[in-house]
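Notes to accompany the following structure.
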Ligand SMILES: Nc1ncnc2c1ncn2[C@@H]1O[C@H](COP(=O)(O)OP(=O)(O)OP(=O)(O)O)[C@@H](O)[C@H]1O
Ligand SMILES: [Mg+2]
């Protein structure tokens, strides 16, 4: 048996905005093919941690390794190359509104990865097919539903063949009936062996699909384990409080 | 470097020319007051006409607006000042300037007001009418205040344009700021009076330009 | 009848038609040169501002403010009468071209910059996260969107600036207004002025109508 490769490693990560210490000390490893779920109360620094992983946010200290390469001290001019290895999906999709869906997926392939146009197009169509939107290739982003836009954003990231995919609340800007289509794409990805780090409030999805769940609070990883351990047998008081509050919200939402 | 300073920033010449320029500046202010007030009033009337349900009124207003937006203001001025005397209408430079710029400005202000009124949702008028206000009251108390707020930066920047526009009056020998400065320039064979005039325009207009820039950035952020 | 004789004298029209057509060419040439220079330089300055160099940005802001606050005619006179004292003889055409280009550069820089600041941060992040460099993100993602937002005000500003080519008449550039003014004094008839007005309408009425269309189109698109 070969040891599974560590695709993403965070060690002693700290991040402050001015005087506010948002991340105090984060340690985390994601193995190849793993789907790791990050939960935690609002403001606990989940997005900040994710954004440090491709240096959209500069860590204050600590180290981050992508496929074994330390990315926290590579010079700024090499960032673009590094970012190709890390796909990112945002809560707000951020499709480019002035380009067709196909162009959205092709742009970075051509300009950053330097792929030839025909190859980029073929790859884009393949990825759009994977997220079930090949027929929308010529549509403009504004003509798509939120769920469709998010799937295009996933295809845009996937087309660059990243080693790790980061998802920051990919479904929380979506109407409830559109959430399923995005989660399904993510599940397919997992089955294909993609390594994923997902910040999300979809607890049901975490239970079904996550290999590991991380609970963050106050700038620390407070608890981590399998979904059964985290949801079935929470140890810390903070996690218990968080889970009871979330389940209340869920109950409230269903009662609506 | 020295010639440069002598040519553009000759303080002696500037101080000699200053009283003349100050008189010119007063004339410029007078001109601005008349032209801006007339332009705003005329523009509002035209905008209302351009939005009126009466077809004939609407189309004539739109034609007027487009016609005078298409003509360079200096062409209008020369036409009014040098062309109309051929038809027996002889105007003082001041009147010629006021009329020519009114034709030009009212069209520009009309466009601004029209955009502002259009941006007020229809529901506002309906709500006002539903509470028993007349059409005119709804317009005055509900629609126009919102319309003006919508386009305040545009109204301001149009006003700046009007002040800049008044410098064209120098072409028909109206002794406003630029005309006085150019007089002083031709007497002294030195461009410094013109630079002084530029400084005086900046003194008034730069703060306005800053305010507009602030305002627009505020809108962009929201 | 006398009215027609004064303003639409066919003989005078025929006499001066060739001169006027030539002058239209001068006006159009000046306009096109100004538009290209002004928009390109404005876009370049706006993009330069993205780099966030404090001193450079300060200079750009001061430049744009001054060019927007000063009446262009003041600048034209300063350059036209000041430059020869420095031993630089530049033609009237060149002076108008330089001044109007500077003015349009300032306005278009502000318009593009306003558009750039309105681009949501997420667009930049999406570009950077997919491995595009800052320059690539600016070039392929941010600027095209900023330009789109800027089109309606830019079209208006381009029209306003090209109409200012008439200022060339003040310093003897043989464009439409100056040719027709001198024709008016030679012929003793107002007809050349009418011709000038018509010439401008031929150029600008289609432009004004097109600007309405563009405005409407981009208003609903965003
Ligand atoms: N650019 C910034 N400047 C200053 N403070 C910031 C910045 N970005 C985030 N913060 C602060 O950092 C803290 C953590 O933010 P972060 O977005 O990482 O939280 P989160 O766990 O993702 O929360 P949520 O669930 O609401 O998305 C918050 O208190 C936030 O106000
Ligand atoms: Mg977040």
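Chains as they are written, first to last, in my numbering: chain D, 7 to 262; chain C, 60 to 281; chain G, 26 to 247.
For each residue, glycine too, the CB sits at the ideal point set by N, CA and C.
Note that the structure is predicted; figures quoted are calculated from it, not measured.
query                                                                                                                                     : result
Spatial distance of residue 79 of chain D from residue 29 of chain D (CA atoms)                                                           : 18 angstroms
Rounded C-alpha distance that separates residue 101 of chain D from residue 139 of chain G                                                : 21 angstroms
Amino acids of chain G, ordered along the chain, whose beta-carbon sits closer than 7 angstroms to that of residue 66 of chain C          : 107, 110 and 111
Buried/exposed call for residue 139 of chain C, threshold 16 Cβ in 10 Å                                                                   : buried
Residue nearest to residue 235 of chain C in terms of C-alpha spacing, selected from C/91, C/274 and C/187                                : C/91
DSSP three-state assignment for residue 254 of chain C, whether helix, strand or coil                                                     : helix
Beta-carbon neighbours of residue 175 of chain G, restricted to chain D and to distances below 7 angstroms                                : By Cβ distance, chain D contributes nothing, its closest Cβ being about 13 angstroms from residue 175 of chain G, past 7 angstroms.
Assigned exposure category for residue 246 of chain C - 16 Cβ within 10 Å defines buried                                                  : exposed
Element boundaries [alpha helix (DSSP H), containing residue 86 of chain C]                                                               : 70-109
Distance CB(residue 133 of chain G)-CB(residue 179 of chain G) smaller than 8 angstroms                                                   : yes
Chain D within 8 angstroms of residue 245 of chain G, Cβ atoms only                                                                       : Confidence is the limiting factor: at residue 245 of chain G the pLDDT is only 46, short of 50, which leaves the residue's position unreliable, though a coordinate-based value still follows. No, its Cβ sits nowhere closer than 8 angstroms to a Cβ of chain D.
Buried or exposed by the 16-neighbour rule on C-beta atoms within 10 Å, applied to residue 149 of chain G                                 : buried
Any C-beta of chain G under 8 angstroms from that of residue 262 of chain D                                                               : Bear in mind that a pLDDT of 44 at residue 262 of chain D, under 50, signals an unreliable position, so the model cannot answer this.
Same chain, Cβ closer than 8 angstroms to residue 206 of chain C, neighbours up to 5 away in sequence not counted                         : 172, 175, 176, 178 and 179
Counted within 10 angstroms of its Cβ, other Cβ atoms place residue 72 of chain G as buried (16 or more) or exposed                       : buried
Proximal residues, the segment 178-207 of chain D versus chain G, C-beta separation under 8 angstroms                                     : none
Residue burial classification, residue 167 of chain G (beta-carbon count within 10 angstroms, cutoff 16)                                  : buried
Per-residue contacts from residue 98 of chain D into chain G (C-beta, under 7 angstroms)                                                  : 147
Cβ distance (whole Å) where residue 19 of chain D is taken to contact residue 68 of chain D below 8 angstroms                             : 4 angstroms
Whole-angstrom distance between residue 160 of chain D and residue 179 of chain D, CA atom to CA atom                                     : 15 angstroms
Sequence-distant residues of the same chain with beta carbon closer than 6 angstroms to residue 52 of chain G, five excluded per side     : 190, 200 and 201
Inter-residue spacing [alpha-carbon to alpha-carbon] between residue 23 of chain C and residue 243 of chain G                             : Absent from the model: residue 23 of chain C. The displayed extent of chain C is 60 to 281, so no value can be given.
Any 3 or more C-beta pairs closer than 8 angstroms across the segment 127-147 of chain C and the segment 218-230 of chain G               : yes
beta-carbon residue 78 of chain D near ligand 1 non-hydrogen atom, thresh 7 angstroms                                                     : no
Anticipated Cβ contact below 8 angstroms, residue 254 of chain C with residue 103 of chain G, distance rounded                            : 6 angstroms
Spatial neighbours of residue 260 of chain D in its chain, beta-carbon cut-off 7 angstroms, leaving aside the 5 residues before and after : At residue 260 of chain D the pLDDT is 46, less than 50, meaning the model places this residue with poor confidence and gives no usable figure here.
Cβ-based burial, residue 247 of chain D [other Cβ within 10 Å; buried from 16]                                                            : exposed
Other residues of its chain near residue 42 of chain D: CB distance less than 8 angstroms, five sequence neighbours each side excluded    : 34, 36, 202, 203, 204, 216, 217, 218, 219 and 220
Spatial neighbours of residue 124 of chain C in its chain, beta-carbon cut-off 7 angstroms, leaving aside the 5 residues before and after : 105, 109, 166, 169 and 170
When G/109, G/183 and G/145 are compared against residue 56 of chain G, the one with the closest alpha-carbon                             : G/183
Contact with chain G by residue 232 of chain C, beta-carbon distance below 8 angstroms                                                    : no
The segment 72-88 of chain D in contact with the segment 128-145 of chain D per 3-pair CB rule at 8 angstroms                             : no
Any C-beta of chain G under 8 angstroms from that of residue 112 of chain D                                                               : no
Members of the segment 77-96 of chain G that neighbour chain C once the beta carbon cut-off is set at 9 angstroms                         : 86, 89, 90, 91, 93, 94, 95 and 96
is_contact[residue 129 of chain D, chain G] using C-beta, thresh 8 angstroms                                                              : no
8 angstroms Cβ shell around residue 245 of chain G - same chain, five flanking residues per side excluded                                 : Residue confidence for residue 245 of chain G is low, a pLDDT of 46 falling below 50, so the modelled location carries little weight; the figure read from the coordinates is stated next. Once the five neighbours on either side are set aside, residue 245 of chain G has no close Cβ partner at all.
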